[in-house]
Amino acid sequence: MLRFEHSIAIFVCIIANVFCALNSVEEDVGTGKYVIEGRVFPADDQDLSTWQVDTRIHVNGGEYIGFIKDDGSFTIYNVPTGSYVVEIVNPDYMYEPIRVEINSKGKYRARKVNYIQTSQVIQVPYPLRMKAITKFRYFQMREQWRLTDFLFNPMVIMMVLPLLLIMILPKMMNDPETKEDLKQISNMAKMSELPEMSEMFTSLFSGGAATKANVKAKQIKKRQ
7 MLRFEHSIAI FVCIIANVFC ALNSVEEDVG TGKYVIEGRV FPADDQDLST
57 WQVDTRIHVN GGEYIGFIKD DGSFTIYNVP TGSYVVEIVN PDYMYEPIRV
107 EINSKGKYRA RKVNYIQTSQ VIQVPYPLRM KAITKFRYFQ MREQWRLTDF
157 LFNPMVIMMV LPLLLIMILP KMMNDPETKE DLKQISNMAK MSELPEMSEM
207 FTSLFSGGAA TKANVKAKQI KKRQ
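Numbered by the numbering used here, the letters in the sequence shown go through residues 7 to 230 in order.
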């Protein structure tokens, strides 16, 4: 008998909660107030013992603040029509913000936030499903000493290269093949310095014609 009465009491409480929820939703719709719903998924290596306590949901930079439940879901109540940026605030992990737009008819549209290309629209499903992008790094790892850092140091390179040239160049000069190559290069350089035959002929002919013209001009002046 006691179990029966207990079950009846539980059933009555459930029905009362359902009616209260329906009434609250009707009041919200009637007054132009809506809710923003979604779910936050923790990272694989995230500490679940403190994840729920450390995570907050900020709407428009803290104009509305929400908390997550045990399963990661959240609900922001009493939100009027408009455009809102939903952000997940966590000290250890970064989440991608999402813009939620609610029109006067109560229709929702969610899209990614793009502050650089504001006209670009990439829609995402609603209710929201937000996952961690990356982990915050508050400290920079100290660099360790490596042999390559020493070898590629500019001062070391300036000291080592002349020594290598001093050691390698004499051996290269003693090689007969390299000597022949150097001779060919020097001969080519000499040939390039010599004037071409066409230039020589043009200079000769132009010079001869100029001297003849000068002689004729002098003879005409003497006759006068």
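Backbone N, C-alpha and C fix where the C-beta goes; we use that ideal spot for every residue, glycine too. Small disclaimer: the values here were computed from a predicted structure and weren't measured.
* Asked: Based on Cα-Cα distance, which residue from I42, V41, Y40 and V46 lies nearest to I139?
  -> Residue 139 sits at position 133 when you count from the first residue of the sequence shown. Cα-wise, what sits closest to I139 is V46.
Beta-carbon proximity list for K137, same chain, < 6 Å, skipping 5 on both sides
Residue 137 sits at position 131 when you count from the first residue of the sequence shown. The residues F47, in chain order, have a CB closer than 6 Å to that of K137 in the same chain once the five nearest residues on each side in sequence are set aside.
K177 to M194 span [Cα, whole Å] = Counted from its first residue, the sequence shown places residue 177 at position 171. Counted from its first residue, the sequence shown places residue 194 at position 188. CA-to-CA, the gap between K177 and M194 works out to about 24 Å.
Between the beta-carbon of Q68 and the beta-carbon of F80, is there less than 7 Å? Residue mapping note: residue 68 aligns to position 62 of the sequence shown, counting from 1. Residue mapping note: residue 80 aligns to position 74 of the sequence shown, counting from 1. For clarity, residue 68 is Gly in the given sequence; the question names Gln instead. Not a contact, by the Cβ cut-off of 7 Å.
_Same chain only: Cβ atoms within 6 Å of P103, ignoring 5 sequence neighbours per side_ = Mapped onto the sequence shown, residue 103 falls at position 97. Within the same chain, and ignoring the five residues on either side of P103 in sequence, the residues whose Cβ sits closer than 6 Å to its Cβ are V91, E93 and V119.
*Can you list, in chain order, the stretches of the alpha helix (DSSP H) that have 4 or more residues and sit fully within the segment 108-164?*
Residue ranges of uninterrupted alpha helix (DSSP H) with 4 or more members, entirely inside the segment 108-164 and ordered along the chain, are 153-157.
Cβ separation of N109 and T61, assumed to be a contact under 8 Å, to the nearest whole Å
On the sequence shown, position 103 is the one that residue 109 refers to. On the sequence shown, position 55 is the one that residue 61 refers to. With a Cβ gap of about 29 Å, N109 and T61 do not count as contacting.
Through-space distance from D77 to T87, alpha-carbon basis: Counted from its first residue, the sequence shown places residue 87 at position 81. Counted from its first residue, the sequence shown places residue 77 at position 71. If you take the alpha carbons of T87 and D77, they lie about 27 Å apart.
>> Using CA atoms only, rank isn't needed, just tell me which of A116, L134, D98 and I174 is closest to Q126.
In response: In the sequence shown, counting from the first residue as 1, residue 126 sits at position 120. The shortest C-alpha separation from Q126 is found at A116.
ask   = Per DSSP, which one or two residues make a beta bridge with F80?
value = Mapped onto the sequence shown, residue 80 falls at position 74. In the DSSP output, where bridge partners are listed per residue, F80 has G44.
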